[in-house]
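**Q** Taken in order, these protein sequences are the chains called A and B.
With the first letter of the first sequence counted as 1, position 51 gets the number 37 in the numbering used here; the numbers rise by one all the way through.
Going from the second sequence to the numbering used here is simple: count from 1 and add 4.
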Amino acid sequence: MIWLAVIGCGVGCYLLKLAGMSVPERALSHPVVRRTADLLPVVLLAALIAVQVFASKGPDGPELSIDARLAGLAAAFVALLLRMPFLVVVIAAALTAALIRL
Amino acid sequence: MAAEPTTRSIVRDGVAVGIATGAYGISFGAVSVASGLSVWQSCALSLIVFTGASQFALVGVIGTGGTPLFAAVSGLLLGTRNALYGLKVNPLVGWRGPKRVAAAHLVIDESSAMTITRTTQEHARAGFLSTGLSVFVLWNLATLAGALAGTSLGDPRRYGLDAAVGGAFLGLLWPRLSTMRNRVAALLGAALALSLVPLTPAGVPVLAASVVALGMGLIGKDTDE
């Protein structure tokens, strides 16, 4: 099933790229479409952060919890404030969570 | 970047971006296997999806227990921005037929950013190809290296790899938080997703957050800041 997701997402993402390269520029000029498309990555990434940091598998399905992942996110936040490169940000998050779990 | 770029300097900058981006392919590979994908599935993602945020989203949703379908749709929704990049890149590089079909795969954040500022077709093509190809080669090699390293580490939680995913998403989101509108959208999206976590199957909260984009897109104005 994961393979299906990999291939489906790959084909779909490629078709999105090709569509952008193939349609005239005014095709997406409607303000609502453009604003929604601009906002989509913002809300999805924010939702992914929230779920990634606070959701965990409980006995009755997904539940919210606070653990070392939140400290990892805080470390990433500080690294970004200090204008560190992406890889440093990711490593700071991992290292902080790992140290707390020691 | 120099004030008067030459094709040579554009290619050099493109390769530099490729090296920097490739380096974080290591983190993708490690995070991907930590989320439960195999080394080959991780490598296939980098080869055929080849757009970082979508790949992180797909493995992130699977890592939190979401179904492969929700994971794929989350990745697809994040991939829509590449269509917008394509709209801007296409007139500048001016390729047709098979060249355009091949070039489309390389339309990502980095290659687009290194193309849309160019003033001549030669420079636009140099920026697009040098960035796109170097990111492609190095991103895929780094994914393999990261995935192999990830599998030899053992329990990913011991190394904080589950926390690394949140950090990676924040790093991807960060450059988009420059306007108040986007900050509000991010907070609403995160709040909606969190409120749905205890109520819905894994994977649904992230997809549901996309209604915030639609809602704000419908009521927003273009001049907002």
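Note that CB positions come from ideal geometry on N, CA and C, so glycine has one too.
Alpha carbon to alpha carbon, how far is B/D228 from A/V18?
**A** Position 224 of the second sequence, counted from the first residue, corresponds to residue 228 of chain B. Position 32 of the first sequence, counted from the first residue, corresponds to residue 18 of chain A. Only weak support exists for where B/D228 lies, its pLDDT of 44 falling under 50; the coordinates are left without a value.
**Q** With H, G and I counted as helix, E and B as strand and the rest as coil, what does DSSP make of A/K43?
**A** On the first sequence, residue 43 of chain A is found 57 positions in, with the first residue counted as 1. A/K43: strand per DSSP, three-state reduction.
**Q** From what residue to what residue does the alpha helix (DSSP H) around B/S30 run?
**A** Numbered from 1 along the second sequence, position 26 holds the residue referred to as residue 30 of chain B. In the sequence as displayed, the identity of residue 30 of chain B is Ile instead of Ser. Run containing B/I30: 11 to 38, per the alpha helix (DSSP H) assignment.
**Q** DSSP three-state label for B/P95, please.
**A** For this step, residue 95 of chain B is matched to residue 91 along the second sequence. If DSSP states are grouped into helix, strand and coil, B/P95 belongs with the helices.
**Q** Rounded to a whole number of angstroms, what is the C-alpha to C-alpha distance between B/M5 and B/H109?
**A** As a first step, residue 5 of chain B is located in the second sequence; it is residue number 1 there, counting from the start. As a first step, residue 109 of chain B is located in the second sequence; it is residue number 105 there, counting from the start. Only weak support exists for where B/M5 lies, its pLDDT of 44 falling under 50; the coordinates are left without a value.
**Q** Using a Cβ-Cβ cut-off of 7 Å, state whether A/R90 counts as contacting chain B.
**A** With chain A covering -13 to 88 only, the question about residue 90 of chain A has no answer from this structure.
**Q** Whole angstroms are fine: how far does the CA of B/P9 sit from the CA of B/L41?
**A** In the second sequence, counting from the first residue as 1, residue 41 of chain B sits at position 37. In the second sequence, counting from the first residue as 1, residue 9 of chain B sits at position 5. Cα to Cα, B/L41 sits roughly 42 Å from B/P9.
**Q** Tell me whether B/V210 sits in a helix, a strand or coil according to DSSP, three-state version.
**A** In the second sequence, counting from the first residue as 1, residue 210 of chain B sits at position 206. Helix.
**Q** Tell me which same chain residues have a C-beta within less than 6 Å of the C-beta of B/S58, skipping the five on either side of it?
**A** Residue mapping note: residue 58 of chain B aligns to position 54 of the second sequence, counting from 1. Cβ neighbours of B/S58 beyond the five flanking positions: G79, L82, G83.
**Q** Can you tell me whether B/A153 is buried or exposed? The criterion is at least 16 other CB atoms within 10 Å of its CB, across all chains shown.
**A** To locate residue 153 of chain B, count along the second sequence from 1; it is residue 149. Answer is exposed; the Cβ neighbour count stays below 16.
**Q** Which of the residues in the region 0 to 18 of chain A, read from start to end, lie with their CB under 8 Å from any CB of chain B?
**A** Cβ contacts with chain B come from Y0, L2, K3, L4, A5, G6, M7, S8, V9, E11, A13, L14, P17, V18.
**Q** Using a Cβ-Cβ cut-off of 7 Å, state whether B/M5 counts as contacting chain A.
**A** Numbered from its first residue, the second sequence carries residue 5 of chain B at position 1. Here B/M5 scores only 44 on pLDDT, less than 50, and its place in the model should not be relied on; the value that follows carries that caveat. Chain A, which has no Cβ nearer than 7 Å to the Cβ of B/M5, makes this no.
**Q** If you measure from the beta carbon of A/V64 to each beta carbon in chain B, is any gap under 7 Å?
**A** Along the first sequence, one-based indexing puts residue 64 of chain A at 78. Not closer than 7 Å to any Cβ of chain B, the Cβ of A/V64 fails to qualify, so no.
**Q** From what residue to what residue does the alpha helix (DSSP H) around A/V76 run?
**A** On the first sequence, position 90 is the one that residue 76 of chain A refers to. Here the alpha helix (DSSP H) through A/V76 covers 72 to 87.
**Q** B/P202 versus chain A: which residues are under 8 Å apart at the beta carbon?
**A** The residue you call residue 202 of chain B lines up with position 198 of the second sequence. Residues of chain A passing the Cβ test: G47, P48, E49, L50.
**Q** Residues in its own chain within less than 6 Å of B/S115 by CB, not counting five upstream and five downstream?
**A** One-based indexing of the second sequence puts residue 115 of chain B at position 111. Result list for B/S115: F132, T135, G136, in chain order.
**Q** Hey, A/K43 and B/A87 are a contact pair by Cβ (cut 8 Å); roughly how many whole angstroms apart?
**A** The count along the first sequence starts at 1 and reaches residue 43 of chain A at position 57. The count along the second sequence starts at 1 and reaches residue 87 of chain B at position 83. Going by Cβ atoms, the distance from A/K43 to B/A87 rounds to 34 Å, so no, they are not a contact pair.
**Q** To the nearest angstrom, how far is the alpha carbon of A/C(-5) from that of B/V208?
**A** Here residue -5 of chain A refers to the residue found at position 9 of the first sequence. Here residue 208 of chain B refers to the residue found at position 204 of the second sequence. Roughly 17 Å between the two C-alpha positions.
**Q** Answer with buried or exposed for A/D24, where buried requires no fewer than 16 other C-beta atoms within 10 angstroms of its C-beta.
**A** As a first step, residue 24 of chain A must be located in the first sequence, where it is residue number 38. Buried.
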